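The block underneath contains the structure these notes are about, expressed in structure tokens.
There are 2 protein chains.
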Amino acid sequence: MSIQTRRERERAERERLIVTAARELAEAEGWEAVTTRRLAAEIEYSQPVLYSHFKGKDAIMAAVAVEGFAEMAEELRKARTAAGGTRAALAAVGEAYTAFARRRPALYDAMFTHTVDLPFATPEAPSALHAAFGELLRAVEPVAADGEDPGQLTETYWAGLHGLTTLMRSGRLPEGAHDRRLALLTAHFTASD
Amino acid sequence: MSIQTRRERERAERERLIVTAARELAEAEGWEAVTTRRLAAEIEYSQPVLYSHFKGKDAIMAAVAVEGFAEMAEELRKARTAAGGTRAALAAVGEAYTAFARRRPALYDAMFTHTVDLPFATPEAPSALHAAFGELLRAVEPVAADGEDPGQLTETYWAGLHGLTTLMRSGRLPEGAHDRRLALLTAHFTASD
DNA sequence: CCAGAATCCTAGCATCGCTAGCGTTCGTGT
DNA sequence: ACACGAACGCTAGCGATGCTAGGATTCTGG
């Protein structure tokens, strides 16, 4: 039994090694540099080993994405609880969201643009994902007007944040005015009440 | 001289053939089906011909994207001018934008997610691109509050629309409540003043 | 100590975007 | 009218991708 557990532990460690290496490589050189050959070399195993842990490259990206959701949830929570007042909290969360996306672009891509292997708007979604959305929800909820569904309002605000980050990252929006645009978005979600 | 012009005309026709074939293939089977081999077979020429017209696959996608901008601008214009009142106009434009994205997903991807070959927020950007943004601008401008930069406000509203479409398209947002979310977004941009 | 199972690697497949180099066809000048 | 030169478009191939089949090697259990 002990041997069995040791093997399982080693397997789990190697799986973490894969995910960590994939993430570090992606953050250092972008996801286009994360090839199965390169990743295999990085963990000092051969390519097929990757496929004994994950169904394919997408599944590896999904694992990295889950890590990202957990970290984002944590950062959003800190920003929200550190702020006084509901408007300040929403602004702080929006700021934290876009800051996360700009600081960890590869992680953000894995979470929100690339992979689709993960279930999202269902109970089967990873708990880290629910946690991240929950932080947004808690910041948006207090500013929802009567008759507005807080969940839908959160989704809409989230879409605004997501649009700002992706359009800016792809060069569609100039970087300079980002803070102004973010302030406009937040203002228009707190103005109604 | 006549011979020269005939050749140029034929070249231009073949270039349009390439762009049209690429677009149709993408709209029918998605951009992942648009390989250079497949596209070459479709236009009944060999692969290298593509590279005598375009620098690479990205440039072909960029050409398709420009077509898309022109059509989107037209649809936004129709929606805006057909609506009475400023709030109705903004709602109509938002509706038209997301409807376009849902009806022509491959085109939308070429315009807003895939290619980066095109200049965007500069005067060098294709005129069709300015036209499309201009339609959004004309719809947003009237609802801008004092002290709000209309251009930045338009960019922010645009980001909201873009976020809604991409998150929905990738399965991150449930399709069902799309209309509600769109209504929320528009409402929060018309509520002020 | 040996049979059987688990594990991991070498080698390869099909496909991708893209390019070098060669024939062939066409327009031009004598 | 004819040979020459220059475009033109094709065949063939390169390097790299994600992924997999098959065998060699190691380890486990009787």
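Residue numbers (my numbering), protein chains in the order written: chain A, 1 to 193; chain B, 1 to 193.
Every residue, glycine too, gets a C-beta built ideally from N, C-alpha and C.
Remember, predicted model here, so these are calculated numbers, not experimental data.
- Contact with chain A is found for B/Phe189, since one of that chain's Cβ atoms lies less than 8 Å from the residue's Cβ.
- Neighbours of A/Ser170 in chain B, taken as residues at a C-beta separation under 7 Å, are given in chain order as Val116.
- In the same chain as B/Ala70, and ignoring 5 residues on each side of it, the C-beta atoms closer than 6 Å to its own belong to Ala128, in chain order.
- A/Tyr51 sits in a helix when the DSSP states are folded into three classes.
- Taking a cut-off of 8 Å on C-beta distances, the stretch 127-144 of chain A does not touch the stretch 162-169 of chain B, as fewer than three cross pairs fall below it.
- About 6 Å separates the CB atoms of A/Glu155 and B/Arg181; that is less than 8 Å, so the two are in contact.
- By the neighbour-count criterion, in which 16 or more other beta carbons inside 10 Å mark a residue as buried, A/Glu8 falls on the exposed side.
- If you look at B/Tyr97, you'll find it in the alpha helix (DSSP H) that goes Thr86 to Arg103.
- Annotated as proximal: A/Thr113 and A/Thr166, with beta-carbon spacing under 8 Å.
- Only Glu148, Asp149, Gln152, Leu153, Glu155, Thr156, Trp158, Ala159, Gly160, Leu161, His162 and Gly163 from the stretch 145-163 of chain B bring a Cβ to less than 8 Å from some Cβ of chain A.
- Excluding residues up to 5 positions away in sequence, Gly68 lie with their Cβ nearer than 6 Å to the Cβ of B/Leu107 in the same chain.
- In the structure shown, the three-state DSSP call for B/Asp117 is coil.
- With its beta carbon at least 8 Å from every one in chain A, B/Pro105 lies outside the interface.
- Within the same chain, Cβ atoms closer than 7 Å to the Cβ of A/Ala73 are found at Ala128, Ala131, Ala132 and Glu135, the five residues on either side in sequence being excluded.
- For the stretch 173-186 of chain B, the set of positions with a beta-carbon nearer than 7 Å to some beta-carbon of chain A reads Leu173, Pro174, Ala177, Arg180, Arg181, Leu184 and Leu185 in chain order.
- Along the stretch 10-44 of chain A, there is no position whose C-beta sits under 9 Å from a C-beta of chain B.
- Scanning A/Ile18, A/Val19, A/Glu29 and A/Ala144 for the CA closest to the CA of A/Pro105 turns up A/Glu29.
- Contact annotation, A/Ala62 with A/Thr115: C-beta distance approximately 5 Å; criterion of less than 8 Å satisfied.
- Check the Cα spacing between B/Pro142 and each of B/Ala110, B/Ala121 and B/Ala191: the tightest is with B/Ala191.
- Counting the other CB atoms within 10 Å of its CB gives A/Thr186 a total of 16 or more, which places it among the buried residues.
- By the neighbour-count definition (other C-beta atoms within 10 Å, threshold 16), B/Thr98 is a buried residue.
- Under the DSSP assignment, B/Gly160 falls in the alpha helix (DSSP H) whose first and last residues are Pro150 to Arg169.
- Burial check for B/Gly94: the Cβ neighbour count within 10 Å reaches 16 or more, so the residue is buried.
- The straight-line gap separating the alpha-carbon atoms of B/Ala83 and A/Ala21 is approximately 54 Å.
- Residues of the stretch 57-85 of chain A with a Cβ closer than 9 Å to any Cβ of chain B: none.
- A straight-line Cα-Cα distance of about 21 Å links A/Tyr51 and A/Pro119.
- Secondary structure note for B/Arg138: its alpha helix (DSSP H) is the uninterrupted segment Ser127 to Val140.
- Under the Cβ distance rule, A/Ala121 counts among the residues neighbouring chain B, one pair being separated by less than 8 Å.
- Taking the CA atoms as reference points, B/Arg38 sits about 10 Å from B/Ser46.
- Less than 8 Å divides the Cβ of B/Arg23 from the Cβ of B/Val64.
- Cβ contact annotation for B/Asp109 (same chain, cutoff 7 Å, sequence separation greater than five): Trp31, in chain order.
- DSSP places B/Gly68 in the uninterrupted alpha helix (DSSP H) bounded by Lys57 to Ala82.
- For B/Phe100, no CB of chain A lies under 8 Å from its own CB, so it is not counted at the interface with that chain.
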